[in-house]
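What follows is a set of notes on a single structure, which appears directly below.
2 protein chains.
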Amino acid sequence: MTLRLHNFFRSSTSTRLRAALNLKGLPYDYVGYSLRDGQTRTPQFLALNPAGLVPVLERDDGVVLTQSLAIIEWLEETMPTPPLLPADADGRARVRALAYMLACEIHPLNNLRVLRRLNEQFGADEAAQEAWFVHWVKATFDAFEISLASSAATGRYCHGDVPGLADICLYAQVWNNRRFAIDGSAWPTIDRIFAALDALPAFRDAAPPNQPDAS
Amino acid sequence: MTLRLHNFFRSSTSTRLRAALNLKGLPYDYVGYSLRDGQTRTPQFLALNPAGLVPVLERDDGVVLTQSLAIIEWLEETMPTPPLLPADADGRARVRALAYMLACEIHPLNNLRVLRRLNEQFGADEAAQEAWFVHWVKATFDAFEISLASSAATGRYCHGDVPGLADICLYAQVWNNRRFAIDGSAWPTIDRIFAALDALPAFRDAAPPNQPDAS
Numbered sequence: 003m004t005l006r007l008h009n010f011f012r013s014s015t016s017t018r019l020r021a022a023l024n025l026k027g028l029p030y031d032y033v034g035y036s037l038r039d040g041q042t043r044t045p046q047f048l049a050l051n052p053a054g055l056v057p058v059l060e061r062d063d064g065v066v067l068t069q070s071l072a073i074i075e076w077l078e079e080t081m082p083t084p085p086l087l088p089a090d091a092d093g094r095a096r097v098r099a100l101a102y103m104l105a106c107e108i109h110p111l112n113n114l115r116v117l118r119r120l121n122e123q124f125g126a127d128e129a130a131q132e133a134w135f136v137h138w139v140k141a142t143f144d145a146f147e148i149s150l151a152s153s154a155a156t157g158r159y160c161h162g163d164v165p166g167l168a169d170i171c172l173y174a175q176v177w178n179n180r181r182f183a184i185d186g187s188a189w190p191t192i193d194r195i196f197a198a199l200d201a202l203p204a205f206r207d208a209a210p211p212n213q214p215d216a217s
Numbered sequence: 003m004t005l006r007l008h009n010f011f012r013s014s015t016s017t018r019l020r021a022a023l024n025l026k027g028l029p030y031d032y033v034g035y036s037l038r039d040g041q042t043r044t045p046q047f048l049a050l051n052p053a054g055l056v057p058v059l060e061r062d063d064g065v066v067l068t069q070s071l072a073i074i075e076w077l078e079e080t081m082p083t084p085p086l087l088p089a090d091a092d093g094r095a096r097v098r099a100l101a102y103m104l105a106c107e108i109h110p111l112n113n114l115r116v117l118r119r120l121n122e123q124f125g126a127d128e129a130a131q132e133a134w135f136v137h138w139v140k141a142t143f144d145a146f147e148i149s150l151a152s153s154a155a156t157g158r159y160c161h162g163d164v165p166g167l168a169d170i171c172l173y174a175q176v177w178n179n180r181r182f183a184i185d186g187s188a189w190p191t192i193d194r195i196f197a198a199l200d201a202l203p204a205f206r207d208a209a210p211p212n213q214p215d216a217s
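Going line by line, the protein sequences match chains B and S. Per the numbering used here, residue 3 is the first one in the first sequence, and the count goes up by one each step. Per the numbering used here, residue 3 is the first one in the second sequence, and the count goes up by one each step.
In structure tokens, the structure reads:
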């Protein structure tokens, strides 16, 4: 099966999916779109995904998959080895909850179209956009750090010693944070896990600066 | 197993989980918290969920589950009948993508703490908050309507004729929209499916006005 990944190097939802594909050992054709230039708002792209969002995974049978977390669950169901979720239901619930903390409480508030909207509706300049961005990162990272540090289930990675769905979301979010100067010293467990992930080729190869459209 | 649901009548993530529990036929003890009064920021609640967010599902074995979508996936894995996801992997990917469109692209931008932050940081009054809210609903509902109307997989509900995860998220979001005057006539498929869901006791009993803490 040939997979075509429509994505953007700096998009953190794209980073998630690249890391998942790499962890599963699945090669893909990389198609880059510049969000800043509106390349996901063209009629061609909207025919692929009416929401105008990356990433999109296009299969050679014509099926088009959208939403990074839905695609990752599909990968997990159809290509379960190596696993991105633990085997036990309680562990899976914990990993998904950690992943959704990042995917539902930080990223949607801090992506490019939201920062642009803040500028359009409220005249938010770069400093105000940064304050907004940092506010939401801190609100969730403070809780995320507690959730990691207080649980015996946390290991080398977010859940035990095998990297999975929560790690994928964390890795992408920490890269996203680097767009602004965020002091991570309050989150030592997050910091430690990010460093461990960044040493793995599957993650490192998914990082924004290592993509063909990086600028 | 006794389940205790920590939630808030108007919270749309709480509405999702109530609908899922009702569809699974699982009774639960209802514990209501007023978000407006900061009742999820107390030390007692933060010990339950460091993120200070509802819903939380507490089991009688002491395990505490957070994040509505993670809890619903746990329900689906441990109590698979009746199913909230289709049996086939492509169908599951479609339903999850539809659910995440709402759960990741609308709700995180429009909940109470975000509207409050807009007021605190940008002085957004009620009219500006409403404009923000409506902007994000329209951006995703326009695409959601296209996704539903253009797919043969759409049936009486979002996917075929069995209500599931996408319907749960849609039902909760349409209730959330009612906080403001939003003209739904541009989304006839969404409108039709909401009406069909609202006729089902499992959904109707999960609706905000039908909760013990409704005001």
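All C-beta atoms in this analysis are idealised placements derived from N, C-alpha and C, irrespective of residue type, glycine included. No experiment lies behind these values; they were computed from the predicted model shown.
For residue i, three-class secondary structure by DSSP
| i | result |
| --- | --- |
| N24/B | helix |
| G166/B | coil |
| W189/B | coil |
| A216/S | coil |
| I184/S | coil |
| L114/B | helix |
| I148/S | helix |
| A141/B | helix |
| M81/B | coil |
| A53/S | coil |
| A208/S | coil |
| C195/B | The displayed chain sequence assigns Ile, not Cys, to residue 195/B. Note: I195/B maps to helix in three-state DSSP. |
| D200/B | helix |
| A129/S | helix |
| L172/S | helix |
| R38/B | coil |
| R96/S | helix |
| S16/B | helix |
| L86/B | coil |
| R43/B | coil |
Residues that DSSP places opposite residue i in a beta bridge
| i | result |
| --- | --- |
| D31/B | R6/B |
| V58/S | H8/S and T68/S |
| T156/B | G162/B |
Cβ shell of residue i (< 6 Å), same chain only, five flanking positions each side left out
| i | result |
| --- | --- |
| F143/B | W189 |
| Q213/B | F11 |
| M2/S | No answer is possible for residue 2/S: it lies beyond the span of chain S, which begins at 3 and ends at 217. |
| R43/B | G54 |
| T191/S | E147, L150 and A151 |
| E107/S | T142 |
| N24/S | A204, D207 and A208 |
| D193/B | G186 |
| Y30/B | L5, L7 and L23 |
Same chain, Cβ closer than 8 Å to residue i, five either side skipped, listed in chain order
| i | result |
| --- | --- |
| S36/S | F10 and D215 |
| D127/B | N121 |
| L117/S | A126, Q131, W134 and F135 |
| L28/B | L5, L77 and M81 |
| V33/B | R6, L7, H8 and N9 |
| V66/B | L50, N51, V58, L59 and E60 |
| V2/S | One cannot answer for residue 2/S here, as it falls past the ends of chain S, which runs 3 to 217. |
| F124/B | A130 |
Sequence-distant residues of its chain with Cβ nearer than 7 Å to residue i (five each side left out)
| i | result |
| --- | --- |
| R96/B | A155 and H161 |
| A22/S | I74, L77, L86 and I170 |
| W177/S | S14, T17, A209 and P210 |
| D200/B | R206 |
| F196/S | L172, Y173 and V176 |
| M3/B | R61 and D62 |
| A168/B | V97, L100, A101, C160 and H161 |
| G157/S | D163 |
| A105/S | L71 and C171 |
Status (buried if at least 16 other CB within 10 Å, exposed otherwise) for residue i
| i | result |
| --- | --- |
| S152/S | exposed |
| Q46/S | exposed |
| R38/B | exposed |
| A99/S | buried |
| L114/S | exposed |
| R89/B | Reading the sequence as shown, one finds Ala at residue 89/B and not Arg. Its Cβ having fewer than 16 others within 10 Å, A89/B is exposed. |
| A129/B | exposed |
| R180/S | exposed |
Any non-hydrogen atom of the ligand ADP closer than 7 Å to residue i Cβ
| i | result |
| --- | --- |
| A126/S | Absence of the ligand ADP is noted for the structure shown, with no ligands found whatsoever. |
Does the segment 184-201 of chain B come close enough to the segment 131-146 of chain B to have 3 or more Cβ pairs within less than 8 Å? yes
Q | Segment contact, 8 Å Cβ cut-off, at least three pairs: the segment 15-23 of chain S with the segment 202-212 of chain S | A | yes
| field | Segment contact, 8 Å Cβ cut-off, at least three pairs: the segment 159-174 of chain B with the segment 83-99 of chain B | value | yes
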